[in-house]
Amino acid sequence: MRAGGKTWWWILSVIIVLAMSVLGAAQTFTRAALVADVRQLAALIEATHPDPYANGGGKIAFHVRLQKLLGEIPEAGMDRDDFIRILRPFVAGVGDSHTEIWTSYDVDELRPAGIPFKFRVVEELLYVAAVPRREDERYLGSVLVSVEGVPMAELVERQKRLVALENEYHVLEELCSHTLWYGPYLQDLLPEWTDTSKIAFELRWPSGETVRLTADLPVMVRQLYRPSTQLAVPIPGPSGFRVDFLERTSGASDPAAAIAYLRVDHMTGYREIDEAQGRTSSAPSATETFRDLVIRMAKAGTRTLVVDLRYDGGGDSLMADILVYFLYGKSVLRDVFAHAPRAGGGMVVRLSELYLSSPYTPTLAELNQGRDIPWEVGDYDFSQFMAASDRRFDELTAEEQARFTDGQYCKRTRTFCAEYESGEYAGTYRPENVMVLVSPWTFSSGLTMARHLYLAGATLVGTPSAQASNSFCNADRWVLDNTGIDGQVTRMYYAEFPIGSELAHTLPVHHQMTYEKLASYGFDPNAELVFALELTEHASR
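Going by our numbering, 600 is the number at position 510 of the sequence shown; the sequence numbering is gapless.
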């Protein structure tokens with residue numbers, strides 16, 4: 091009875107939220123209310139973001155876009171979706187993917203009303219990775235050429251003006267994730283698309299032949315059909331991460347031939363992050379899981395560990411520290427953290443009112459303890475940014491270097507603190523092959539884990555992340571007073587590689603998936619894993 095009651099209340103709450111969303115989308119807001127929201131958003135961005143002008147042409151360019159946005163608000167006002175439509179280019183102009191609008195258009199997940207094919211990224215192409223109808227399976231693997239007569243190159247340029255994008259892979263990821271799939275987003279990309287009851291597009295077969303298609307919309311999406319896979323992989327539960335061992339068909343009798351497989355889809359469901367935020371937790375522990383992993387690998391003499399980050403959109407990157415600790419040890423973990431200051435980078439924190447109001451942030455009074463000249467709201471903390479110093483990292487005292495390399499784990503998590511202080515399992519076992527699978531969907535703290543492993547010496551396989559290696563990060567939520575539209579704005583800048591270098595723009599992969607190789611695997615959804623194992627087999631010969 092109680093379970094049924096809880097289910098009923100959960101269903102009722104979902105209905106209420108959906109109803110409020112529909113009412114909010116249908117409501118027309120006055121011009122005055124919308125102007126106030128625009129000014130509120132601009133003020134929040136300028137007061138919180140470390141540098142909202144750097145990627146958008148400067149402060150004057152920022153305010154040119156602001157005045158243009160204000161001028162687009164009609165005297166009669168607008169509804170929420172139309173307001174989002176004109177807000178998107180303004181927020182995109184900041185050029186920081188973590189500064190974004192969360193409130194989405196009113197879309198129907200069962201009838202997304204865009205192109206009824208799911209695309210993925212390989213090289214600089216979009217290929218059909220899944221379809222909602224069996225009769226369309228023959229198009230799996232084909233490459234997108236144009237939509238409504240607009241060629242792919244122009245679609246890419248248009249997308250750059252709609253969402254803050256950090257590199258070319260981010261443009262392609264956004265096209266796949268939202269723009270091509272959902273009708274309202276596709277309308278933003280294609281204002282000339284007026285008859286939304288159908289959509290015309292061109293695909294190129296692997297043979298090179300082009301086919302022109304027109305789909306009637308909307309298409310009901312009850313399930314998605316994908317190519318078959320050579321390797322079925324375990325999927326994490328609510329914790330977001332899972333460890334397993336995959337057997338090679340050719341060497342199942344040899345324990346060392348089993349592939350240790352760690353998949354991380356997000357970093358928000360593990361015990362240590364709950365502890366870091368002061369919550370009691372029964373969630374799985376990354377410390378305990380990774381300790382068991384290295385013990386098992388050492389006992390079996392496992393030669394290959396695959397860390398699958400293809401779907402890891404982020405969370406708290408403490409998990410990345412924990413994994414490097416068990417695989418490589420404390421000294422390598424410290425070297426990973428020392429890499430940024432040695433390159434002249436590090437972290438900049440904007441001490442904004444929004445940042446200081448967070449329950450997880452020290453108060454200004456706490457931050458000012460021991461300072462000769464106290465910080466004020468709006469100041470910048472450059473204590474972990476070597477570019478603000480007239481010395482090199484190697485010239486700092488051991489105590490000064492510790493600001494960059496000491497994770498202060500005991501202030502964050504008692505579970506990992508106990509292990510880190512003992513050092514008992516630090517660097518317990520590292521297989522000869524540590525292969526890290528990445529994709530444009532490897533983002534935020536997911537990229538941090540990939541970057542940690544890259545710096546520690548692991549091998550990256552797949553397609554580069556959509557996030558720049560040096561980027562703005564760690565965002566705070568904002569809510570507009572009148573429309574209730576919400577989103578986030580970043581409060582930090584992190585530079586891991588020399589500013590302006592190619593490495594700062596895109597974290598490279600050692601072995602990039604190509605369309606030709608993907609086709610040779612039959613467009614297998616786990617092609618990156620197949621590729622990684624193929625590389626280890628060649629290396630062992």
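Backbone N, C-alpha and C fix where the C-beta goes; we use that ideal spot for every residue, glycine too.
How long is the line joining the alpha carbons of residue i and residue j, rounded to whole angstroms?
i, j, result
"Thr503", "Arg361", "9 Å"
"Gly645", "Ser442", "Residue 645 lies beyond the stretch modelled for the chain, which goes from 91 to 631, so this question has no answer here."
"Gln130", "Glu256", "25 Å"
"Asp186", "Phe533", "13 Å"
"Lys208", "Val221", "6 Å"
"Arg302", "Leu293", "7 Å"
"Tyr515", "Leu543", "18 Å"
"Pro431", "Glu227", "50 Å"
"Phe472", "Gly547", "29 Å"
"Asn523", "Leu413", "15 Å"
"Leu446", "Asp576", "19 Å"
"Leu160", "His153", "10 Å"
"Pro464", "Asn458", "5 Å"
"Gln313", "Thr596", "34 Å"
"Gln320", "Arg224", "20 Å"
"Ala144", "Val184", "8 Å"
"Asp462", "Ala254", "39 Å"
"Ala609", "Val212", "11 Å"
"Val422", "Glu162", "53 Å"
"Thr118", "Leu265", "29 Å"
"Val396", "Val218", "26 Å"
"Tyr499", "Ala243", "47 Å"
"Glu606", "Pro296", "9 Å"
"Asp278", "Leu262", "16 Å"
"Thr286", "Phe173", "20 Å"
"Pro317", "Asn616", "10 Å"
"Ser375", "Ala410", "13 Å"
"Phe291", "Glu299", "14 Å"
"Glu466", "Ala137", "13 Å"
"Ser371", "Thr189", "30 Å"
"Asp141", "His429", "23 Å"
Would you grab the beta carbon distance between residue i and residue j for me? Rounded to a whole angstrom, and I think it's under 8 Å.
i, j, result
"Thr269", "Leu276", "6 Å"
"Val528", "Leu545", "About 14 Å; that fails the 8 Å criterion."
"Arg381", "Glu509", "7 Å"
"Leu216", "Leu234", "4 Å"
"Leu307", "Val237", "That belief does not hold up - the Cβ atoms of Leu307 and Val237 are roughly 13 Å apart, past 8 Å."
"Gln474", "Thr553", "Actually they are not in contact, since the Cβ atoms of Gln474 and Thr553 sit about 31 Å apart, beyond 8 Å."
"Val579", "Ala558", "Going by Cβ atoms, the distance from Val579 to Ala558 rounds to 17 Å, so no, they are not a contact pair."
Return the first residue and the last residue of the alpha helix (DSSP H) that residue i is part of.
i, result
"Gln491", "488-495"
"Gln130", "121-138"
"Leu436", "The question names Leu, but residue 436 is Gly in the sequence shown. From DSSP, Gly436 is part of no alpha helix (DSSP H) but of the beta strand (DSSP E) over 436-440."
"Val384", "376-390"
"Thr505", "504-512"
"Ile412", "408-418"
"Gln277", "273-279"
"His595", "592-595"
"Ala455", "454-457"
"Leu270", "Here Leu270 belongs to no alpha helix (DSSP H), and DSSP marks it neither H nor E."
"Tyr445", "443-446"
Going by DSSP in three states, residue i sits in which element: helix, strand or coil?
i, result
"Gly612", "coil"
"Thr580", "strand"
"Phe562", "strand"
"Ala546", "helix"
"Met168", "strand"
"Leu619", "helix"
"Val569", "strand"
"Ala144", "coil"
"Val181", "helix"
"Thr118", "strand"
"Ala585", "strand"
"Gly517", "coil"
"His601", "strand"
"Gly536", "helix"
"Val551", "strand"
What are the boundary residues of the beta strand (DSSP E) that includes residue i?
i, result
"Met525", "523-528"
"Gln157", "Unbroken run through Gln157 is the alpha helix (DSSP H), 149-161; no beta strand (DSSP E)."
"Phe472", "470-475"
"Leu395", "394-398"
At a cut-off of 7 Å, is residue i close to the ligand GDP when judged by its beta-carbon and the heavy atoms of the ligand?
i, result
"Val261", "Absent from the structure shown: the ligand GDP. Ligands present: none."
Open item on the list: Restricting to runs no shorter than 4 residues, where is the alpha helix (DSSP H) found entirely within the segment 283-371?
Closed with: Segments of the alpha helix (DSSP H) lying fully in the segment 283-371: 361-366.
Open item on the list: At 4 residues or longer, what runs of the alpha helix (DSSP H) sit wholly inside the segment 191-266?
Closed with: With a minimum length of 4 residues, the continuous alpha helix (DSSP H) runs that stay inside the segment 191-266 are 242-250, 258-264.
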